[in-house]
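Single-structure report; data block below.
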Amino acid sequence: MRFKILALLSLAVSALVFSGCDGGRAQMEKKQANLLGIASYEPDSYVPAGTNTIAVSTDDLYDRDNVQGSKVTLFWGLITLKDY
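Below, the structure is given as structure tokens:
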């Protein structure tokens with residue numbers, strides 16, 4: 007009986023030790039933010055918008071000289087607001 011309890015206890019401890027957790031050390035890229043895919047922000051992202059998105063440029067909304075290259079995607083990539 008003690009052997010079974012010891013085996014289950016060692017199995018539980020090894021599962022905790024060897025699980026996929028990184029201990030909180032994983033980080034997103036610098037100044038990048040994501041809110042469950044509903045809204046995400048990527049600074050310095052000069053990647054062109056894909057064909058499956060509604061792309062809106064800040065040049066279409068108002069005139070501006072100092073572009074930052076940031077990109078905001080809304081609703082899992084359905085709408086893309088780009089500043090470049």
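Heads up, the final residue of the sequence shown is numbered 90 in the numbering used here, and it's a clean run with no missing numbers.
Every residue gets a Cβ at the ideal spot worked out from N, C-alpha and C, and that includes glycine.
Legend entry - Which residues DSSP lists as bridging S63, in chain order: K88
Legend entry - Backbone secondary structure at S20 - three-state DSSP: helix
Legend entry - DSSP-derived helix/strand/coil call for K77: strand
Inset, instruction - Name the residue from D71, D89, R8 whose alpha carbon lies nearest to the alpha carbon of I79. - result: Checking the sequence shown, residue 79 turns out to be Thr, not Ile. That would be D89, whose Cα lies nearest to the Cα of T79.
Legend entry - Environment of T86 [buried if 16+ CB atoms lie within 10 Å]: buried
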